[in-house]
Each structure stands twice: as structure tokens, then as C-alpha cells.
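A.B. asks:
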Amino acid sequence: MPHDHHDHDHFHHDGMSPSGHPYRADNDTPLTYWQTMEIAVREILIEKGITTPEEIARQIDEMDARSPANGAAVVARAWVDPAFKTRLLDDASAASAEMGFDIGGLRLIAVENTDEVHNMIVCTLCSCYPRNLLGLPPDWYKTRAYRSRAVKEPRKVLEEFGVTIPDQVKIRVHDSTADMRYIVLPARPAGTGSMGEAELARLVTRDSMIGTGLPKTP
Amino acid sequence: MSDTPKDFDGRRWHDMGGQPAGPVKPAEHDFALWEKRVDALQVLMSSKGYFTVDGLRRALEDMGEDAYEKYSYYERWIAAVNQNLIEAGLYTLEELGAKMGEVKTRGGTYGDASA
Chain A
0 MPHDHHDHDH FHHDGMSPSG HPYRADNDTP LTYWQTMEIA VREILIEKGI
50 TTPEEIARQI DEMDARSPAN GAAVVARAWV DPAFKTRLLD DASAASAEMG
100 FDIGGLRLIA VENTDEVHNM IVCTLCSCYP RNLLGLPPDW YKTRAYRSRA
150 VKEPRKVLEE FGVTIPDQVK IRVHDSTADM RYIVLPARPA GTGSMGEAEL
200 ARLVTRDSMI GTGLPKTP
Chain B
0 MSDTPKDFDG RRWHDMGGQP AGPVKPAEHD FALWEKRVDA LQVLMSSKGY
50 FTVDGLRRAL EDMGEDAYEK YSYYERWIAA VNQNLIEAGL YTLEELGAKM
100 GEVKTRGGTY GDASA
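Here the protein sequences come in this chain order: A and B. Sequential numbering of the first sequence, starting at 0, is according to numbering that gives the first Met the number 0. Sequential numbering of the second sequence, starting at 0, is according to numbering that gives the first Met the number 0.
1. Can the beta-carbon of residue 136(A) be found closer than 8 Å to that of residue 130(A)?
2. May I ask which residues mark the beginning and end of the alpha helix (DSSP H) holding residue 68(B)?
3. What are the partner residues of residue 169(A), as DSSP defines its beta bridges?
4. At 9 Å on the CB atoms, spell out the chain B contacts of residue 143(A), in chain order.
5. If you drop the 5 nearest sequence neighbours on each side, which residues of the same chain put their C-beta closer than 6 Å to that of residue 156(A)?
6. Given 8 Å as the limit, is there contact between the stretch 101 to 108 of chain A and the stretch 28 to 45 of chain A, that is, 3 or more CB pairs closer than that?
7. If I follow the unbroken alpha helix (DSSP H) through residue 73(A), where does it start and stop?
8. For residue 180(A), which beta-bridge partners are listed by DSSP?
9. Between residue 209(A) and residue 119(A), is the Cβ-Cβ spacing less than 8 Å?
10. Along chain B, which residues have their Cβ under 7 Å away from the Cβ of residue 58(A)?
11. Over the uninterrupted alpha helix (DSSP H) stretch that includes residue 62(A), give me the two end residues.
12. Hey, is the stretch 80 to 87 of chain A in contact with the stretch 61 to 78 of chain B, meaning 3+ C-beta pairs nearer than 8 Å?
13. Using CA coordinates, which residue listed in 187(A), 206(A), 207(A) is at the minimum distance from residue 199(A)?
14. Using a Cβ cut-off of 9 Å, pull out every chain B residue sitting near residue 101(A), in sequence order please.
15. Which chain A residues sit within Cβ distance under 7 Å of residue 108(B)?
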């Protein structure tokens, strides 16, 4: 998986932010029109008492704290706890909330990879993503190429991600909406029988929960 | 509508599922502070009930295909958030224009202007 940068524990390493993306140059480039608009909108809302700087900072902190590690913890729990897995497949929002991950008003659906079916998720219309469990979506998830092709030639798209799915395995692509998001429950890798939950969670990559990757093997 | 092109299938530009497109380039980046603030404003203002995700999408889709190619994700988002907030009556275009003019006088970088 040449594209997959998450080959280290806990989804961070040198040059990567806690959300697992490389840092982007920030505040010292020339001010743009849209940045000017953001500052203006934010300050007007604050001046009118509609929000506060603290509330905005808290919201950013909450979003920053969401990373694929949250989703990985849910997946690992499902791998070791059959009753939890049943609850997850039945109602992923409630099962995630059980582990302390707030899904908000969204309906979250977990789809399970098996020997017969490989699932992948997309949002063809925009960029809907299980952000409460995985953080903000990667750039490629929002591109025309992924949105257009995932539903038409998923096998080919997966090959571009370095994932080859055997012909006899059916590929099921789930198109997300604003109110209904999907997360893939990847299959537990072989040879992990003796591993505990925390150790298993480290095998679960972000892309394995989007369906464009597979979990790492021990 | 006699001059509707023969290949027009009734879709709008954003409905791109199944359309031909090039290879998926595995681009990744973290988000700049101003982008995180746009995201936070979207979440906060919609959770306060000033607009819905559908309202955000409607504004994004109405910008058209050209904007999708030309502007970045959060550039389009701040435009859509702003439009929804003006429609919700929280402030006027005049107030926005005056504030943007004032912000620009503070300095040449985001860091200076948002201080």
C-alpha cells in the first residue's frame, strides 16, 4: 500500500499531525480572500454574541482529538467481543457511544468484511465521512476521481490503492449521505489469535475502515 | 428546451458517481488553522440551528463545477457557510463587506490579520 502512511503505531510519526496528515504551511503566507472572509464571519458572530472564541477553540480541539485511533479501538473491540460485534453491526452509533465516542445525530452503519464480501465507502455527492470515528476525511476521499470511480470500477480503484481483492469476493460499495455514514469492519487478520485488544487496534489502519486498505498483519 | 444536448442525462455537476475520471491520487494533508475554524463554524452554526448540512450542500452545489475545480475545499465551505448565515439573517452583506475591508488593513498574512 504505497499510499498508506499509517504504518506506525498510534497513527502519528515524524512530520505527521495527530490526525495522521502531514502538516500544511499555515499562517505566514499572504492573506487570501477566503481567509479574510473566515476572519470576518467569525468576528461578526463573536461580536453579535452568537458564538465565542472559546467555543470555537473547543470545537477545534474536539475535532483534532478525533482520529482513526477511535475507529481502530471500535474495530478491535468487535474482533475480541462477539456480543459487542453484534451490537456494532446492529447499531454502530449506539455501539460507538458505548465506548465513549459520540456520533451525534448521525446514523452510523458498520459493514463487515468477510471471505465473501469486501466493503468500501464513498460519498459520490460530496464528502460525507464517519468523521466522529475517523477524524476529517483525507483529500483523496473528496476528489472527483474517487467519488466518480469508486461506484463504477471499485476493483480498479482498489488496485490503485495496492489492494487486490480475489475475483470470487464480491465488492459492495456504500454511498454515504449527510445523515447516514458507513464504516468498514475489516476482517481480523490471520495469526492474531494471541493478541489483545490494544495490540489488535494497532493493526487497524484508517484505510482499512474506509475499505481502500486492509489491516496490517502481525 | 429544444436545444438540450443529446448527451444531457439530467444530472447536476456534483452528482459524479459513475462518471469517467482519472486515477485516484492519494493526496493527504493536515488542515491549516483557518480551515479548522471554517469547519468549527460550520459545526457550531448548524448545531445552533442556523442552517442544515443540506443548506451547506445546496450552496456548495450552486457554486457550480468551475468553483469545484478552482477553489479548495474549505474555501468553498466558508463561502457556503457565509451564504447560509446571511440568509439566516445573522448579518448583512454590508456588515460582511465592511468587516472584510477592516480585516485586510491589519496585515499581509493570516497570522497578522486574525490576531
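Glycine included, C-beta positions come from ideal geometry on N, C-alpha and C. Here the structure is a predicted model, which is why all the values come from computation and not from measurement.
C.D. replies: Looking at the coordinates:
1. Counting from one through the first sequence, the residue named residue 136(A) turns up at place 137. Counting from one through the first sequence, the residue named residue 130(A) turns up at place 131. Going by C-beta atoms, residue 136(A) is nearer than 8 Å to residue 130(A).
2. Counting from one through the second sequence, the residue named residue 68(B) turns up at place 69. Per DSSP, residue 68(B) belongs to the alpha helix (DSSP H) from 64 to 69.
3. Translated into the one-based positions of the first sequence, residue 169(A) becomes position 170. 116(A).
4. To locate residue 143(A), count along the first sequence from 1; it is residue 144. Neighbours of residue 143(A) on chain B, chain order: 15, 18, 20, 21, 67, 68.
5. Taking the first sequence and counting its residues from 1, one reaches residue 156(A) at position 157. Correct list, in chain order: 148, 149.
6. no
7. Within the first sequence, the letter at position 74 stands for residue 73(A). Segment 67 to 79, the alpha helix (DSSP H) holding residue 73(A).
8. Your numbering for residue 180(A) matches position 181 in the first sequence. Partner(s): 107(A).
9. On the first sequence, residue 209(A) is found 210 positions in, with the first residue counted as 1. On the first sequence, residue 119(A) is found 120 positions in, with the first residue counted as 1. Cβ atoms of residue 209(A) and residue 119(A): closer than 8 Å.
10. The count along the first sequence starts at 1 and reaches residue 58(A) at position 59. Correct list: 39, 42, 43.
11. Locating residue 62(A) in the first sequence gives position 63, where the first residue counts as 1. It spans 52 to 64 - the alpha helix (DSSP H) in which residue 62(A) sits, taken as one unbroken run.
12. no
13. Within the first sequence, numbered from 1, the residue matching residue 199(A) stands at position 200. Per the Cα distances, 187(A).
14. Here residue 101(A) corresponds to residue number 102 of the first sequence, with the count starting at 1. Residues of chain B passing the Cβ test: none, with the nearest at roughly 12 Å.
15. The residue given as residue 108(B) occupies position 109 in the second sequence. Neighbours of residue 108(B) on chain A, chain order: 26, 27, 28, 29, 30.
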